[in-house]
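For reference, the structure is listed below as structure tokens.
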Amino acid sequence: MPEFKIQHLTKYTYPAPVRDSANQIILYPIQDEWQEVIKQEIRISGDPVIDTFIDYYGNKVGGFTYSEPHSTLLIDSKILVQTKHKPLPGNDIFPAQQWEDLKHLRFMVPYIDFLRLEQFEGFDDLKALVEAEKSKEDTPYQAVLRFSRYVYDNFRYIKGVTSVETTMDEIWKLKAGVCQDFAHILTLMLRLVDIPARYVSGYICTHRSTIMRGEGATHAWAEAYIPDYGWLGIDPTNNCIANETHIRLAVGRNFSDCSPVKGVYKGTSDHRLDVSVNVGYEDDAPSMNQPVEFINTPPEHTEHKPLSNIPKNSYQRYLEMLQQQQQQQQ
Amino acid sequence: MLSRVAASLYWLSRYVERSDGILRMLKINYASSQDTVQEFTWEPVVRIFAGQDEETQKLGNDSRAVMRYMVSGKNNPNSILNIITLARENARGVQEHITKDLWQCLNEYYHTVKDNRIDNALKKDDPVSVLDVLIKQVMLYYGTVEITMERGEGRSYMNIGKYLERGIQSVDILDTKFGSIDDNPDLLTDTTYWKHLLLSLGGYELYLKKYREGFEAENVLEQVVLNNDFPRSVIYSVNHIQRYFERLKNDSNIDDYRELSFYIGRLQSNIKYSSVKSIKDEGLHQFLTQIRSQLYGIGDALNNHYFANS
Amino acid sequence: MQESGYFSQYSPINGVWDEMYGVDSIREHYSKVIDYLSRESSEDLARKEELAQRLFMSQGITFTVYSSGEGIEKIFPFDIIPRIITADEWAFVEKGIKQRLNALNLFLKDVYNNQFIVKDGIVPIDIIYSCPHFLREMYQLQVPYDIYVHIAGIDLIRDHDGTFYVLEDNLRTPSGVSYMLENREITKRLFPDLLPQCCVRSVTEYPNILYKNLLSLSPRQISNPTIVLLSPGIYNSAYFEHTTLARLMGVELVEGRDLVVKNQKVYMKTTIGLQQVDVIYRRVDDEYLDPLVFNPASILGVAGIMGAYRTGNVAIVNAIGNGVADDKAVYAYVPEMIKYYLNEEPILKNVPTYQLSNRDEREHVFANINKMVVKKTNGSGGYGMLMGHASSDEEIEDYKKEILKDPRNFIAQPTISLSAAPCYMQGGLHPRRIDLRPYALCGPDGIEIVPGGLTRVALKEGSLVVNSSQGGGSKDTWVLA
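Protein chains in written order, with this note's numbering: chain U, 803 to 1132; chain L, 22 to 331; chain B, 860 to 1340.
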């Protein structure tokens, strides 16, 4: 039973003090048969009270505020988590029966949310592609593996070309991105063939010898619903099954349902974000107190916004305010 | 009182006071431009109220262009049109806190300055008449505030805004006018120069009564900085800021109150215990710079402690 | 009956229910008003109309229309002739609205908790889950007294035989109630003594009832909880209404930037520090309410307010997420909801509604488009709808293309003729089409509806659109005792 010690640090630094910040964190690993949290400690600068609740998708969500002027915001989450290997789906049911079973999920909660398609310019292309990729004899499980390979082979993994605000259209044109884009594309492809697919955020914890994409930061992948099996984790960024080395933090329809840290504050729009995820293993010397090396993540990779500075140009901001105020009506 | 409401009242009042200063300045300088053929320049007026940029440089010394820019200029953020629009918007957001009379009065000021006839008249007709129409609107505003506004917290914020704006204006005008002397020492003995400075601050008649020996830079300085009875002197403004701020004392925000009270008191003492001699020893520009920064400091502290950074 | 010239010339529209004119004669409940008006000359009425205009203007009962950055202040056109509703008609409408609101409240409670109605297949699940106003953030969130709709403005119309139909359930931030109040004040000035003579019921209780209900929602059991009205700001067309209601209830009018959330509590920023807020009557849409949870670009909202709401530290009126119940596609199922939750037959009728996401219904609508009104399921204010009978072929074709892009966003209804009422214009009385929006208030003690409402009128001859944005005006609405 693998056991991981994870330290996830998120640090915002502002050139001038900001205030009235309200934040939401989804940093609590899911607890189920395959994943057990032994210990978790979250420390946040200013020692705010963290109020937690369970959201619609079953994720534990924390909320906190930081009203006093501050120039840094540090969120330090230390987790000790144990995972189990989840056996893979068998192939003992006829493919046709499985596809038939999937059709019935279309009008069922919660699957209905994980089957919803989104319109974008390349939709028809994607649809044609999915039709071409899917083989008639495939079981849903095989289709999942095939689509994952397709995304892995056809999309380039490049950091910094996309952000949480990049639209599907842009990703489709770029044919490149990071884990969240890979996961996004895969969920769409699966939904197109009636396989419920959800977005997962979490950590990847591989052994030292292998280097995987998505280490050192939060990772994202997908889960596909396989009849008579349940949710199967699939990581298109590394083209592998997401199993005991993938620690799940949250599931949802898309990135914004699972956003690990987001916040709104008043003050300067400039900020620097440093994120680090360090994983230690059961046989390691205690790593929790080691100095941490930050990776400077471009701020566009999280939703962290000043409330009063959108957009920067104050005339544009005025027009935006006019428009927003005028829109409210019934 | 909501912080935003207090801030709106304060800004509304600052804008109207600023418009008053601009209009009077324009009126006197226009007269001056008709009097002096070579020496006259609009540059200091434009610099004080509109800053220096490409747009203002294009104006040159064309009186009508300058006045149109300062009164109805859409691109000048400090034009009467733009600041009165802002004043009115501030008033609109706090309609429950001002009297109907006052709202209507501001509304009328706004419609008057917005009327195309103002701009047309500045192009062709007698500019003084135009400025007088607008100055009258300001006077109506002050009368209406005086007669109708409840003597409460709201009016204190309005008065603090008014006197802070006035103090800053007087300091700016002095600094600019005396600054010009460094470039051109002949001005020191130029009586028209001082006469116009006093006229634009409405202090000419008072000066004549008080100083029989003619126009002396030192006397002008004394009147504009230190005279307790001259309503546009710096000390008069600061005394009134202090007076209205004292009324805001409340048990719930005693720390905020003390901090601001300290800033205001310090500024008041700085001026009160200065003399023309000590100012000259320190250097006028230095002295004015310090006063200005303390006035701004009071504005910032109000924003921090009372207006919740609105 | 003595009738002066402009009454004898009144000619009702053929095949349309006329509120004043029955079969060959004036209806009983209009007779006293007609008697009164008959004593006035056409010039008198013209003077009264002028007076009304002046009163609206001088009292600042205006809204601002923005074009190319410049604001122009306008008054909402007012017709001086009141619209009269009999005691019996009102009793029926009142009962119908109460029934409907009870069901809608139960529906909201259900859809955000157990979803019985969906599991039982009464309301199709995909209609709920595809509705952008179905907010998963509201799932299992407990609201005080299980009341979601505190204020409803249900739009009613009357068909050619006088039958009342519900056109729309406005359950989010319905506006217009200030006009109900102000129109009555103006009428008092225009027609001295007429209101008591006609036994017209008063509407002035509205702000008091609303205030009482808001007070009852306070999470803190203190004698003087802080209640605020949250407005988008001065540029909103209903800003006048926000100031009026705040004044009449004696509550603070705030904007989003006046509020801040700290440890799941909402505070307003005052000159003497933070003051906790207990109840918020908000006139800001859901999407803009919390930039942390909903639209991150919103500058009208309060970051973190959803957390305060969820923990029960602040009450928000109306509840968040009500849009799933007044979505026009969900509207079609309200009669079924009434049967399902209350085991009653619906009192007020629904206008037949075609779901354009359903292929058969869509084809039927396309084939009969001249008799149809097509609307966006999430639209309001009369924007973006297609009146089949009054549109060119080209407009219809363009609209069809729009529909096919995402049919879920559209519904169609057969054109209902709308009843007409006399309006004073061009020196005489002319029939114009009207609707009725009564305002219902739900509190812990039940539903109360002040006897009256906003009668909107399509001032253009032949027009069926009453929305103010589309050239509509309003009338004072009398409910007789």
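By construction, the Cβ of each residue, glycine as well, lies at the ideal position given by its N, Cα and C atoms.
List the residues of chain L whose Cβ lies closer than 7 Å to the Cβ of residue i, in chain order.
i: I1131 of chain B; result: N271, S273 and N274
i: T1102 of chain B; result: Q116 and E117
I'd like to know whether the C-beta of residue i is nearer than 8 Å to at least one C-beta of chain B.
i: A322 of chain L; result: no
i: F855 of chain U; result: yes
i: S24 of chain L; result: yes
i: D1072 of chain U; result: no
i: Y858 of chain U; result: yes
i: E174 of chain L; result: yes
i: F909 of chain U; result: yes
i: G1004 of chain U; result: no
i: Y327 of chain L; result: yes
Any idea if residue i is buried or exposed, counting beta-carbon neighbours within 10 angstroms, 16 or more meaning buried?
i: N964 of chain B; result: buried
i: D1219 of chain B; result: exposed
i: K938 of chain U; result: exposed
i: F1269 of chain B; result: buried
i: E1111 of chain B; result: buried
i: S241 of chain L; result: Looking at the sequence provided, one finds Val at residue 241 of chain L rather than Ser. When all chains shown are included, V241 of chain L counts as buried.
i: H1073 of chain U; result: buried
i: P998 of chain U; result: buried
i: G865 of chain U; result: buried
i: L869 of chain U; result: In the sequence as displayed, the identity of residue 869 of chain U is Ser instead of Leu. Flag for S869 of chain U reads buried.
i: S150 of chain L; result: exposed
Check whether the Cβ of residue i lies closer than 8 Å to any Cβ atom in chain L.
i: A1105 of chain B; result: yes
i: T1046 of chain B; result: no
i: D1117 of chain B; result: yes
i: K1230 of chain B; result: no
i: L1112 of chain B; result: yes
i: M916 of chain B; result: no
Measure the C-alpha to C-alpha separation of residue i and residue j and round it to an integer number of angstroms.
i: I852 of chain U; j: P1038 of chain U; result: 34 Å
i: R1017 of chain B; j: V1113 of chain B; result: 38 Å
i: R389 of chain L; j: I1045 of chain B; result: Nothing about residue 389 of chain L can be read from this structure; chain L reaches only from 22 to 331.
i: Y859 of chain U; j: A1024 of chain U; result: 15 Å
i: Q868 of chain B; j: L1295 of chain B; result: 26 Å
i: M179 of chain L; j: C1060 of chain U; result: 48 Å
i: Q1134 of chain B; j: S24 of chain L; result: 11 Å
i: L44 of chain L; j: E75 of chain L; result: 23 Å
i: E186 of chain L; j: L1069 of chain B; result: 43 Å
i: P1273 of chain B; j: I885 of chain B; result: 30 Å
i: Q974 of chain B; j: Y830 of chain U; result: 28 Å
i: Y1120 of chain U; j: A1184 of chain B; result: 33 Å
i: L220 of chain L; j: S34 of chain L; result: 23 Å
i: K1259 of chain B; j: S1216 of chain B; result: 13 Å
Kindly list, in the order they appear in chain L, the residues whose Cβ is closer than 9 Å to that of residue i.
i: K907 of chain B; result: Chain L residues near K907 of chain B: none, gap ~24 Å exceeds 9 Å.
Going by Cα to Cα distance, which pick from the options is closest to residue i?
i: M1246 of chain B; options: B:D1144, B:V1224, B:V970 and B:N1177; result: B:V1224
i: F328 of chain L; options: L:E174, L:D122 and L:I101; result: L:E174
i: F1343 of chain B; options: B:K1334, B:L1339 and B:L1148; result: This structure cannot settle anything about residue 1343 of chain B, because the visible part of chain B is limited to 860 through 1340.
i: H217 of chain L; options: L:W63, L:S299 and L:E38; result: L:W63
i: L1323 of chain B; options: B:G1163, B:I1293, B:T1129 and B:I1308; result: B:I1293
i: L928 of chain U; options: U:R993, U:V1079 and U:T867; result: U:R993
i: M1039 of chain B; options: B:P1297, B:I1306 and B:G1302; result: B:P1297
i: L27 of chain L; options: L:S177, L:I101, L:D122 and L:N248; result: Per the sequence shown, residue 27 of chain L should be read as Ala rather than Leu. That would be L:S177, whose Cα lies nearest to the Cα of A27 of chain L.
Please compile the residues from chain B whose C-beta is within a distance smaller than 9 Å of the C-beta of residue i.
i: P919 of chain U; result: Correcting the residue type first, residue 919 of chain U is Leu in the shown sequence and not Pro. Those within 9 Å of L919 of chain U in chain B number zero; the least Cβ separation is about 11 Å.
So with CB distances below 8 Å, who are the chain L contacts of residue i?
i: I984 of chain B; result: Those within 8 Å of I984 of chain B in chain L number zero; the least Cβ separation is about 44 Å.
i: I1093 of chain B; result: E110, R113 and G114
Taking C-beta pairs closer than 9 Å, name the residues in chain U that residue i reaches, listed in chain order.
i: P871 of chain B; result: The premise fails here: P871 of chain B is roughly 32 Å from chain U at the closest Cβ pair, so nothing lies under 9 Å.
List, in chain order, every chain C residue whose beta-carbon is nearer than 8 Å to that of residue i.
i: K957 of chain B; result: Reference to chain C is not applicable here, since the protein chains of this structure are U, L and B.
Compare the C-beta of residue i against all C-beta atoms of chain U and say whether one is closer than 8 Å.
i: T1085 of chain B; result: no
Mind listing the chain B neighbours of residue i? Cutoff is C-beta to C-beta under 7 Å, in chain order.
i: T867 of chain U; result: V1120, K1121, N1122 and G1163
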